[in-house]
Amino acid sequence: MLWLQVLVNGLAVGGLYACIAVGFSLVWGVLNIINILHGSLIVLGGYLAFFAHQYWGINPFLFAPLAGAVMFAGGVALQYCVINHVMARPFLITLLLTFGLNLFLDNSMLALFSADYRKVLLNPAPGVFDLGSIVVPADRIYATLVGLVLISALALLLRFTQFGRAIIAVRMDRDAAALLGVNVRWTYAVAFGLGVFMAGSAGALLSAIFPISPVASAGYLSKAFVICVIGGLGSIPGAVIGGFALGVIESFGALLLGPEHALTLAFVLLIALLAVRPSGLLGRQGFA
Amino acid sequence: MTGTLLKVEGLETGYGDIQVVWRADLEVRQGAITALIGSNGAGKTTLLRALSGLLPLRNGAIFVSGRDLAGASPQQFVEHGVAHVPEGRRLITGLSVHDNLMLGAYRRKDGKQAIRADLERMYALFPRLAERRRQDATTMSGGEQQMCAIARGLMAAPGLLLIDELSLGLAPAIVDQLVTTLERVRADGTSILLVEQDVGIALELADFVYVMDQGRTVRNGPADEIAADPSIIAAYMGT
Chain F
1 MLWLQVLVNG LAVGGLYACI AVGFSLVWGV LNIINILHGS LIVLGGYLAF FAHQYWGINP
61 FLFAPLAGAV MFAGGVALQY CVINHVMARP FLITLLLTFG LNLFLDNSML ALFSADYRKV
121 LLNPAPGVFD LGSIVVPADR IYATLVGLVL ISALALLLRF TQFGRAIIAV RMDRDAAALL
181 GVNVRWTYAV AFGLGVFMAG SAGALLSAIF PISPVASAGY LSKAFVICVI GGLGSIPGAV
241 IGGFALGVIE SFGALLLGPE HALTLAFVLL IALLAVRPSG LLGRQGFA
Chain D
1 MTGTLLKVEG LETGYGDIQV VWRADLEVRQ GAITALIGSN GAGKTTLLRA LSGLLPLRNG
61 AIFVSGRDLA GASPQQFVEH GVAHVPEGRR LITGLSVHDN LMLGAYRRKD GKQAIRADLE
121 RMYALFPRLA ERRRQDATTM SGGEQQMCAI ARGLMAAPGL LLIDELSLGL APAIVDQLVT
181 TLERVRADGT SILLVEQDVG IALELADFVY VMDQGRTVRN GPADEIAADP SIIAAYMGT
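So the protein lines, in turn, are chains F and D. Per full-length UniProt numbering, the first sequence runs over residues 1 to 288. Per full-length UniProt numbering, the second sequence runs over residues 1 to 239.
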């Protein structure tokens, strides 16, 4: 029963983890940018949810899409006005730019919100679902469900709309996409905005589960990175599989090696996977 | 067959510091199939890229239906009715035939109904595509991919279709089929500017021919006149 409980604990955060990673995966897959800023954006989404809860009493699980929407606009503007200027430059330049933006945002949040850990304290507390021999924490289930809904919406957008097709076209062949009348710069901007939307939503979802602080951003970034590599870059199903896989790996890692080593096991598996199957479990081209 | 659809005057373009096209002058008349022939490296593809906004002009002018489009973006060319079927087809990997065709209609603003009607028209024009509408477009044969690329270009509802290398790498039977289809496309009201290495096919399909050499348009004339010119035959058709 202990093993079953540990498995359920891992699965319960899977959708939230998928939500953390899917925006990172989208930006990496479509724009070929390793967005070092991603972890800070998750933390920013967490702060938005924290203050929305503190001042207006809005439930963070319901606030998540709104946090995403607010940050989407900022993401589009950031890509269009700043990152677009270095899109044609070597890979390391965009990496360096997002690294710099990450430092800037982390330190701005430190100055504004201090490094104190904060957490949304829901009243009444969500509690647990008691299933007899095992219990399931309700807050994680809510986060996972909302996360999966948002991911599904993103998948439908990419698969069935003209804009989704344009994103894939720009990813695969930017000149061919331009010849079809696709505005490449604008498409990049909105794709980046969608990645920021997912980061902001994920931050809001986790604000009631994990403590948030500017110093936590690197931790979320590394989670996103591990999930993308496990699941396979450039695919939404890959991010979902990777998210659930990381949840379960962390859960068993905490059981077997102690809670402080929950991520150690994940990183060991990451290194092993990179050696054996670098494209990830579901890695493929095209992002759809 | 009246009116000039595309007029190019003294066009110069290239890549970065390398100038490729030194002087191109040409005209595509409404309802005509015009071919641009020339040896490898003459600048045909580069000229076509400039005619759809992918390359900036160094000099010269481009008029589409009398409107000056020098310096316009690829989107503006599409919006003014110029669709470009690029060399090598350039279908989007990971997207189905249906999705590739829908992308052709990306700039259209005349509503879902009209786009759906055109989609059915394309499937009628190329029944092979209808059979494969759910298949990843880049897993089809070369001929089927060329059909898909042409249909994708036509989905923009263009007045002028630019086709770069219609026959490259395709079996003769497929090329014959495409030639017949393009004659239908022209009859339906879309003019065509064709870049073609196979001079025999160009002369068979086109009404009017331009010859390009070392970045310049050096000759032009009706297809039958060019076909009868012994120096053209010697230079481009062997024997």
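Positions of the beta carbon are idealized from the N, C-alpha and C atoms, including for glycine. Computed from a prediction, not measured in an experiment: that's the story for all the values here.
Annotation: Cβ neighbours of residue 172(F) in chain D (cutoff 7 Å, chain order): 92, 93 and 94. Residue range 172-187 is occupied by the alpha helix (DSSP H) that includes residue 176(D). Residues of chain D whose Cβ lies closer than 7 Å to the Cβ of residue 182(F) are, in chain order, 106. When only Cα atoms are considered, residue 56(F) and residue 77(F) end up about 27 Å apart. Taking a C-beta distance under 8 Å as the contact criterion, residue 38(F) and residue 199(F) qualify as a contact pair. Closer than 8 Å to the CB of residue 64(D) there is not a single CB belonging to chain F.
Selection 184(F), 139(F), 128(F) and 104(F) evaluated against residue 120(F) yields 139(F) as nearest (Cα-Cα).
A distance below 8 Å separates the beta carbons of residue 42(F) and residue 20(F). A Cβ-Cβ separation of about 6 Å places residue 8(F) in contact with residue 134(F) under the 8 Å criterion. Residue 153(D): member of the alpha helix (DSSP H) spanning 142-154, first to last residue.
Rounded to whole angstroms, the Cβ separation of residue 61(F) and residue 143(F) is 7 Å, and the two are in contact under 8 Å. Residues of the segment 153-172 of chain F whose Cβ lies closer than 8 Å to any Cβ of chain D, in chain order: 162, 165, 166, 168, 169 and 172.
Annotation for residue 222(D): the continuous beta strand (DSSP E) segment containing it runs 216-222.
Neighbourhood of residue 156(D) in chain F, by CB distance below 8 Å: 180 and 181, in chain order. The alpha helix (DSSP H) runs lying completely inside the segment 90-128 of chain F and spanning 4 residues or more are 91-113, given in chain order. Relative to residue 126(D), the option among 7(D), 219(D) and 101(D) whose CA is nearest is 101(D).
Think of a sphere of 8 Å around the beta carbon of residue 189(F): no beta carbon from chain D falls inside it, the nearest being about 15 Å out. When the five nearest sequence neighbours on each side are left out, the beta carbons in the same chain lying within less than 8 Å of the beta carbon of residue 53(D) are those of 69, 72, 73, 74, 75, 76 and 77, in order along the chain.
Out of 69(F), 31(F) and 110(F), the CA that lies nearest to the CA of residue 95(F) is found in 31(F).
Shown here, residue 99(D) sits in a helix according to DSSP, grouped into three states. For residue 198(F), the enclosing alpha helix (DSSP H) begins and ends at 184-206.
Taking 8 Å as the cut-off, the beta carbon of residue 190(D) is found no closer than this to the beta carbon of residue 169(D). Rounded to whole angstroms, the gap between the alpha carbons of residue 14(D) and residue 63(F) is 52 Å. Across the structure, residue 192(F) and residue 45(D) are spaced so that their CA atoms are roughly 33 Å apart. In terms of beta-carbon proximity, residue 20(D) stays away from the interface with chain F, with every pair separated by 8 Å or more. Residue 116(D) sits exposed, since fewer than 16 C-beta atoms from the chains shown fall within 10 Å of its C-beta.
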